[in-house]
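For any residue, its number in my numbering is found by taking its place in the sequence shown, counting from 1, and adding 2. Beta carbons: idealized from backbone N, C-alpha and C, even for Gly. Report on the following structure.
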Amino acid sequence: MAREQLGICAEANLHASYLLFNAIEGHEASLRQKLARVAQLLARLAEHFSEAQLTGVVAIGADYWDSLYPGARPQGLQPFPLLASDHLAQTEVWADLFIQIRSDRLDVNYIACQQICQIVKNHVDLLEQLQGFRYLDGRDLTGFIDTPHNPKGSRKRQLALVDATNQPVFAAGSYLYLQRWHYDMAHWQQLDICQQEEIMGISKIEGMVLASPRLHQNSHTLTSRMGNIDSTPSLVMQNMPFAQNNIQGLISLSYAGEPERFSQQLSYQLGYRQNHSEKPQPLHNQYDLFFDFCHADLCAAFFAPSLSFLEMACLPASG
């Protein structure tokens, strides 16, 4: 049975490091070997620093997949869905590889990043290195509890991992969507708590869904659930705040076992609604209210294959 990468469904940690690379053309065979080594390295470090609860994820960009693994492609793996919107600025970043490291010790994250970069240094260029941190009791920098409806327990695996019956080759893999959100904190902090709560759709202290009439249809909570507060989440979210100089916001990772889930949710948040047999059209007053206070300057789509796939793909082809 395929073994998933443990970082996909791991519990929250105190620190996160994210590495984005562009691969050097012609180094695909070497990179297949090195990515399997990276997965092995993360397992060794997790055992050595067991108290740190280290986990990691290795993922391959949608546009680089066919170069690295030309034999098979995950169904529906596409570049990040940049939908036209007057209400949200989004910028796609062309990254070939993405590696996530999370633990409860910043020094262990540093060690992992250094050793990973040493393994792949002759085959890639480092595009970005990002740092995230846990804020208070798992809150966003807005002061609200982050993703209070995120799935838990075995439900995480059901939502985040590819089902073996649908795609046997990619079983236990996951479609991954990265967004780095910049927050307009000066604008946000001018609002009183009541206004902030109605934009988010939840109470600021407890994270409870607001009651009608304060719960607006285009509040952040309702649009992220595609308009149905009783619906179960369709994505597994791993969000971590970041802050550097005068820039702050959120690094958001969305994991899904089926790629259309993310594009459906994002299009709903942007105000797109299906009108009978016509193509979905954006409605001016139905976009996520929180989009007035943020923009995404880094968006990318990846696939995180199973550990079994990473190991098998670097073996020489049998004759």
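Tell me whether the beta-carbon of residue i lies closer than 7 angstroms to the beta-carbon of residue j.
i: D299; j: T93; result: yes
i: A174; j: A4; result: yes
i: G9; j: V59; result: yes
i: Y179; j: S256; result: yes
i: V211; j: P153; result: no
i: V111; j: S19; result: The amino acid occupying residue 111 in the given sequence is Asn; Val does not appear at that position. Yes. Within cutoff.
i: W190; j: G251; result: no
i: H125; j: L33; result: yes
i: E13; j: S308; result: no
i: A306; j: A61; result: yes
i: G78; j: P261; result: yes
i: A97; j: L129; result: yes
i: L80; j: A64; result: The question names Leu, yet the displayed sequence has Gln at residue 80. Cβ distance < 7 angstroms, so Q80 and A64 count as in contact.
i: Y177; j: A258; result: yes
So who's on the other strand from residue i, going by DSSP bridges?
i: P243; result: L252
i: D127; result: N24
i: A18; result: R104 and G134
i: L312; result: Bridge partners of L312: none, in fact.
i: F82; result: For F82, which the question treats as bridged, DSSP gives no partner whatsoever.
i: E94; result: C301
i: I147; result: R141
i: A174; result: Paired residue(s): none; A174 is not in a bridge.
Give the straight-line distance between the Cα atoms of residue i and residue j, rounded to the nearest whole angstrom.
i: G209; j: L99; result: 35 angstroms
i: R275; j: E199; result: 24 angstroms
i: I201; j: C11; result: 29 angstroms
i: F23; j: A213; result: 45 angstroms
i: S339; j: M228; result: With the chain covering 3 to 321 only, the question about residue 339 has no answer from this structure.
i: Q197; j: A114; result: 42 angstroms
i: Y185; j: I231; result: 25 angstroms
i: F51; j: T57; result: 11 angstroms
i: F146; j: L193; result: 14 angstroms
i: M314; j: F82; result: 27 angstroms
i: D106; j: I121; result: 23 angstroms
i: Q117; j: S205; result: 43 angstroms
i: Q219; j: M242; result: 26 angstroms
i: D330; j: D148; result: In the structure as shown, the chain begins at 3 and stops at 321. Residue 330 is therefore absent and cannot be evaluated.
i: Y270; j: H222; result: 11 angstroms
i: L217; j: L224; result: 8 angstroms
i: V164; j: Y71; result: 18 angstroms
i: R157; j: H151; result: 12 angstroms
So, helix, strand or coil for residue i, using DSSP?
i: S279; result: With a pLDDT of 46 at S279, under the threshold of 50, the modelled position of this residue cannot be trusted; read the value that follows with caution. Coil, per DSSP.
i: D232; result: coil
i: F292; result: helix
i: I201; result: helix
i: G323; result: It is not possible to answer for residue 323, since the shown part of the chain is limited to 3 through 321.
i: Q169; result: coil
i: Q7; result: coil
i: I207; result: coil
i: D68; result: helix
i: A12; result: coil
i: A258; result: strand
i: H184; result: strand
i: R141; result: strand
i: S52; result: helix
i: A213; result: coil
i: A74; result: coil
Please classify residue i as buried or exposed, where buried requires at least 16 other C-beta atoms within 10 Å of its C-beta.
i: S279; result: At S279 the pLDDT is 46, less than 50, meaning the model places this residue with poor confidence and gives no usable figure here.
i: G73; result: exposed
i: C301; result: buried
i: A31; result: exposed
i: H17; result: buried
i: N248; result: exposed
i: I207; result: exposed
i: G155; result: exposed
i: T234; result: exposed
i: A48; result: buried
i: G28; result: exposed
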